[in-house]
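Structure first, then comments.
Chains as they are written, first to last, in the numbering used here: chain A, 2 to 281; chain B, 139 to 424.
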């Protein structure tokens, strides 16, 4: 088989045994946290897992076009899944971090709005470039009619392409993806920050005001690390391009949820163990 | 099934690079421990050499992984390497026996990478033969690179040392948590310096004209370039004396100039033809 004729490695098929292993692994890791860490840490880990799942699920909404989109041969934003997810999530995280003092709900909503805003601006400017710069209309190659507006797509699609530009449904999907990703990233950050604010002063023997730079920086680094891990795993799930929620590849999301939950539980546990007295 | 898009022909086998990489990196990181016995942390520059060694190993791992069409672009591999590596590295610095920290970082990162590889290969159904080993290796590379940067920038690799520093205020030395590797957020800069240096060489050199020595030389060049930036940052944290930072900076600049000229020679060697571009000529009369 030549490389050109090869299908993408990951098909839509699910692997039930591996998914069960992933789910059990998540529960085991949460159990380890329950045994080893104080009760406040268990809530933090659950928050981290929820945040990771939000990132993994939200990334499926984002219209990712990759290199074909840069040449106007596929719909979506012309870069990779990992870059878009990281961009949306980190924009959200920075937004949410400003509101960290206002409480969990306000901060998470702010993070979601930040991520959604970033994706909305990106999608709009991408469409500006497509329509006015490259002179191509927006048309989806995967569906006959836009599920939201009902506009037909086939007349606008150039032959030999999979569609091009950013149809309305992809735009909406991008904003939803940004909302979920930004909220998830902020949730991870806030949960870890609250945990470090409570536990680091006793661990390092210094007042909370002095510890704050370390708590903020460590929580931020762990949030970025967790975000990138989840974003890349989701990118591996999508393999290549996706148009948005109407794309057939969107139905792969259950796999991503299991993988994101297990990966977040693993990385979150390591992030929590940093404030637990270690035997060695 | 997945198809191998590129073949590895000739050159040093991957296992040799892996073993050489892990040994060199660990030895260099342990050499920075000599700082404890010297009044001035003169041996910090070994942290930068550890970074270069780890990056060379890591970029070849990326080559092995991305030879299969994973469909997500090469940069994503660098991002997951450091995303999982930073988590392992931060916990490893907490180990109370300092000498165990690099080993703990390797083991912890390997466990995290292995589980991530299993998730990618089985749960996400990637079915790529090199996946589990490659993600394991890359998590270790990420953790060791960050540890090397930590040693280069602040002279130590313990959690206490990375979070506690001192500032001189009106002639008094005060303890601070702000002006440190972690508290000051320098770890974020180190993170991206490494993540870009690890993914760029294969991204730039891939294709039918790929040559192993040229790609690895580019990695070394990227590593020394990152080391220059990190050495400049170390002026802020190694406050005892500027000599260690100047030493690191000199070594980084010499290494960068050497690897850059070597890389240019190799690029010219592998090119079909080349023409030195001239400056844009200044036109007169308008």
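Even for Gly, the Cβ is constructed at its ideal location relative to N, Cα and C.
Endpoints, beta strand (DSSP E) assigned at residue i
i, result
"residue 303 of chain B", "303-307"
7 Å Cβ cut-off: residues of chain A touching residue i
i, result
"residue 337 of chain B", "Chain A residues near residue 337 of chain B: none, gap ~11 Å exceeds 7 Å."
"residue 323 of chain B", "218"
"residue 218 of chain B", "229, 230 and 233"
"residue 214 of chain B", "81, 83, 233 and 236"
Span of the alpha helix (DSSP H) around residue i
i, result
"residue 310 of chain B", "Not the alpha helix (DSSP H): residue 310 of chain B falls in the beta strand (DSSP E), residues 310-314."
"residue 247 of chain A", "It is not in any alpha helix (DSSP H) - residue 247 of chain A carries neither H nor E in the DSSP assignment."
"residue 416 of chain B", "No alpha helix (DSSP H) holds residue 416 of chain B; DSSP gives it neither H nor E."
"residue 391 of chain B", "381-408"
"residue 361 of chain B", "350-375"
Rounded distance between the beta-carbons of residue j and residue i, thought under 8 Å
i, j, result
"residue 205 of chain B", "residue 336 of chain B", "About 16 Å; that fails the 8 Å criterion."
"residue 119 of chain A", "residue 164 of chain A", "Their Cβ separation, rounded to whole angstroms, is 24 Å, which puts residue 119 of chain A and residue 164 of chain A out of contact at 8 Å."
"residue 235 of chain A", "residue 67 of chain A", "Residue 235 of chain A to residue 67 of chain A, Cβ: 14 Å. No contact."
"residue 256 of chain A", "residue 173 of chain B", "Not confirmed; about 47 Å, so no contact."
"residue 30 of chain A", "residue 266 of chain A", "4 Å"
"residue 212 of chain B", "residue 200 of chain B", "6 Å"
"residue 292 of chain A", "residue 122 of chain A", "Because chain A in this structure spans residues 2 to 281, residue 292 of chain A falls outside the shown range and cannot be described."
"residue 279 of chain A", "residue 233 of chain B", "6 Å"
"residue 226 of chain B", "residue 247 of chain B", "4 Å"
Chain-ordered chain A contacts of residue i [CB-CB under 8 Å]
i, result
"residue 229 of chain B", "271, 272, 274 and 275"
"residue 262 of chain B", "11, 234, 237, 238, 256, 257 and 260"
"residue 226 of chain B", "271"
"residue 326 of chain B", "218, 221, 222 and 225"
Interface residues of chain B facing residue i [CB-CB closer than 7 Å]
i, result
"residue 215 of chain A", "301, 315, 320 and 321"
"residue 20 of chain A", "261"
Contacts that residue i makes with chain B (C-beta to C-beta distance below 8 Å)
i, result
"residue 145 of chain A", "In chain order: nothing, as chain B lies at least about 26 Å away."
"residue 212 of chain A", "315"
"residue 279 of chain A", "232, 233 and 234"
"residue 119 of chain A", "Residues of chain B passing the Cβ test: none, with the nearest at roughly 18 Å."
"residue 16 of chain A", "260, 261 and 263"
"residue 241 of chain A", "209 and 210"
"residue 264 of chain A", "253, 254 and 257"
Residue-level contact to chain C via CB, residue i, 8 Å cutoff
i, result
"residue 230 of chain A", "Here chain C cannot be found, since the structure's protein chains are A and B."
Under 9 Å from the C-beta of residue i: neighbouring residues of chain A
i, result
"residue 221 of chain B", "225, 226, 227, 228, 229, 230, 231, 232, 233 and 268"
Contacts of residue i in chain B (Cβ-Cβ under 9 Å)
i, result
"residue 207 of chain A", "302, 313 and 315"
Query raised in the report: Listed from N- to C-terminal order along the chain, which residues in the region 234-260 of chain B have their beta-carbon within a distance smaller than 9 Å of any beta-carbon of chain A?
Result: If the cut-off is 9 Å between Cβ atoms, the region 234-260 of chain B has 234, 235, 238, 242, 246, 249, 250, 253, 254, 256, 257, 258, 259 and 260 near chain A.
Query raised in the report: Hey, which unbroken runs of the alpha helix (DSSP H) at 4 residues or more fall wholly within the region 110-187 of chain A?
Result: With a minimum length of 4 residues, no continuous alpha helix (DSSP H) run stays inside the region 110-187 of chain A.
Query raised in the report: Which parts of the region 38-122 of chain A are runs of the alpha helix (DSSP H), unbroken and 4 residues or longer, counting only runs that do not cross its ends?
Result: Entirely contained in the region 38-122 of chain A, the alpha helix (DSSP H) runs reaching 4 residues are, in chain order, 40-60, 67-71 and 82-99.
Query raised in the report: Using Cβ-Cβ distances below 8 Å, what residues of the region 194-212 of chain B are close to chain A?
Result: Near chain A, meaning a CB-to-CB distance below 8 Å, the residues of the region 194-212 of chain B are 206, 207, 208, 209, 210 and 211.
Query raised in the report: Using a Cβ cut-off of 8 Å, which residues of the region 22-42 of chain A contact any Cβ in chain B, in chain order?
Result: Flagged, chain order: 22, 23 and 26.
Query - Segments assigned alpha helix (DSSP H), at least 4 residues, entirely inside the region 248-328 of chain B - result: Within the region 248-328 of chain B, the complete alpha helix (DSSP H) runs of at least 4 residues are 269-292 and 297-301.
Query - Continuous alpha helix (DSSP H) assignments of at least 4 residues falling wholly in the region 142-230 of chain B - result: With a minimum length of 4 residues, the continuous alpha helix (DSSP H) runs that stay inside the region 142-230 of chain B are 152-169, 183-204 and 213-230.
Query - Chain-ordered residues of the region 68-93 of chain A with a beta carbon less than 9 Å from chain B - result: The residues in question are 68, 80, 81, 82, 83, 84 and 87.
Requested in this report: Quick one: which residues of the region 352-384 of chain B get their C-beta closer than 9 Å to a C-beta of chain A? List them in chain order.
Outcome: Legend: CB atoms of the region 352-384 of chain B lying less than 9 Å from CB atoms of chain A are not found in any residue.
Requested in this report: For the region 210-274 of chain A, list the alpha helix (DSSP H) runs that are entirely contained and at least 4 residues long, ordered along the chain.
Outcome: Correct list: 254-274.
Report task. Could you please tell me which residues of the region 273-286 of chain B, in chain order, have their CB closer than 7 Å to any CB of chain A? Result -> Within the region 273-286 of chain B, not one residue has a Cβ closer than 7 Å to any Cβ of chain A.
**Report entry** Contact set between the region 173-187 of chain B and chain A, restricted to residues whose Cβ is under 8 Å from the partner
**Finding:** Under the 8 Å Cβ criterion, the region 173-187 of chain B contributes no residue.
Requested in this report: Could you name the residues of the region 98-126 of chain A whose beta carbon sits closer than 8 Å to any beta carbon of chain B, in the order they occur along the chain?
Outcome: So nothing in the stretch comes that close.
**Report entry** Against chain B: residues of the region 39-65 of chain A by CB proximity under 9 Å
**Finding:** Here the close residues number zero.
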